[in-house]
Amino acid sequence: MLEDMECDVPYGKIHYKIIGEGRPVFILHSMWTDYRAMENWLEPIFSKHEKFKRIYLDLPAHGKSTISKEFKGTDHFIENIISFIGQTIGNEHFSLLGMSYGAYAAQGIMTRMIERVKGIALIVPGVHNRTGKLPDKVVLGREEGLGKDLAEDITRAFETLMAIQTKNSWDLFLKEIQPGRELADREFLTSDWRENHYFLESDPFSSLESIEVPALFLMGKQDWICGWEDQYEVFKKFTRASFIVLDGAGHMLHIEKREMASACVNEWLAALK
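What follows is the structure in structure tokens.
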């Protein structure tokens, strides 16, 4: 295991951790978290499989990864990560697993490195072409009094993200999500970068008719942040893919439906073999 590693990239530095040996899987977390949000729920799944090198990285402007003054947005996110991939594994083939914004970034990376990507898992992914089809915000379960002694910013984030607001989901949020929120580069993430630099210059996969690697699309039926319908247009590009929408789960489905989400990722890993 390699912990607290750092890599110089064109627009800053990437902080990362490597667990295991074998075929590389780069794991990209969602916005406003850090790599620990993915490690906590994925490692029990990877422990069932041999020969996967898990490379957990903090996205630029997240965790301990830093950005330069020239850093603008998603295209620079992609450039930094592609440089990082080259420096950590050379010319090896690899797979990608991304969540939310990390899944959008994964699509951009795969498009630029299509010959080397052996599989991709997209968890509650953001997509390039959005129609605005989002489910209404519905809280499926709620326990009162959660977070009453903590800062309003924390409880607001929890209530924004979670479709199931129970003691169990609250505890997991504090353990897995909140630590990364405390390290995120708030100055950059709250700036106007989303207005002009959130979307990639071109639609990922737009030039490809079909993609023949194992793929997983995993969404929550009650995800009012990224939805679950627009992703189907991307899914149709893949000849070997599963499109799964979990009822009773929102954008944090790995917390709200952990057992089912883990089973889906487990099947995808098996397909990579």
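Take the UniProt record's numbering: the last position of the sequence shown gets the number 273, and nothing is skipped along the way. The C-beta atom is built at its ideal place from N, Cα and C for all residues, glycine as well.
query, result
"Could you tell me if GLU176 is buried or exposed, where buried requires 16 or more neighbouring beta carbons within 10 angstroms of its beta carbon?", "buried"
"If I measure Cβ to Cβ from GLN231 and keep anything under 8 angstroms in the same chain, skipping five residues before and after, which residues do I get?", "LEU122, PRO125, VAL127, PHE217, MET219, PHE243"
"Could you pull the DSSP bridge partners for SER47 from this structure?", "Bridge partners of SER47: none, in fact."
"Do HIS251 and PHE226 have their beta-carbon atoms positioned less than 8 angstroms apart in this structure?", "As written in the sequence, residue 226 is Cys, which differs from the Phe given in the question. Going by C-beta atoms, CYS226 is nearer than 8 angstroms to HIS251."
"For LEU140 and ILE67, what's the separation of their Cα atoms in angstroms?", "38 angstroms"
"How many Å lie between TRP268 and ALA215 at the Cα?", "7 angstroms"
"Under the three-state reduction of DSSP, which class applies to LEU190: helix, strand or coil?", "A quick correction: the sequence has Thr, not Leu, at residue 190. In this structure, THR190 counts as coil in the three-state DSSP scheme."
"Give me the Cα-Cα distance between ASP136 and GLU256, rounded to the nearest whole angstrom.", "18 angstroms"
"Please confirm if the region 77 to 84 is in contact with the region 40 to 54, defined as three or more CB-CB distances below 8 angstroms between the two stretches.", "no"
"Hey, which unbroken runs of the beta strand (DSSP E) at 3 residues or more fall wholly within the region 193 to 273?", "215 to 220, 241 to 246"
"Could you pull out every residue in the same chain whose Cβ sits closer than 6 angstroms to the Cβ of TYR101, ignoring the five residues on either side in sequence?", "SER30, MET31, GLY126"
"With distance defined between alpha-carbon atoms, name the residue in LEU172, ALA157, LEU57 nearest to THR88.", "LEU57"
"Residue range of the alpha helix (DSSP H) that PRO179 falls in?", "178 to 183"
"If you measure between the beta carbons of TRP193 and GLY73, is that distance less than 8 angstroms?", "yes"
"According to DSSP, simplified to helix, strand and coil, what is ASN114?", "The sequence shown places Ile at residue 114, not Asn. Coil."
"With a cut-off of 8 angstroms, does the C-beta of ARG156 fall near any C-beta of chain D?", "In the displayed structure, chain D is absent; only one protein chain is listed."
"Is it buried or exposed for ILE114, if we count other Cβ within 10 angstroms and need 16 for buried?", "exposed"
"Would you mind stating whether ILE45 and SER262 have Cβ atoms separated by less than 8 angstroms?", "yes"
"Can you give me the Cβ contacts of PHE173 inside the same chain, cut-off strictly under 6 angstroms, excluding the 5 residues immediately before and after it?", "PHE158"
"How many angstroms separate the CA atom of GLU201 from the CA atom of PHE84?", "21 angstroms"
"Can you tell me which of the three DSSP states SER83 falls into?", "helix"
"Report the residue ranges of all alpha helix (DSSP H) runs contained in full by the region 85 to 155; include only those spanning at least 4 residues, in chain order.", "101 to 112"
"Could you tell me which of MET162, PHE26, CYS7 sits nearest to GLU143, measuring between CA atoms?", "MET162"
"Have a look at THR239 and GLN222 and give me their C-alpha separation to the nearest angstrom.", "27 angstroms"
"Can you tell me whether ASP8 is buried or exposed? The criterion is at least 16 other CB atoms within 10 Å of its CB, across all chains shown.", "exposed"
"Out of ARG258, ASP203, LYS69, point me to the one whose CA is closest to ASN168's CA.", "ARG258"
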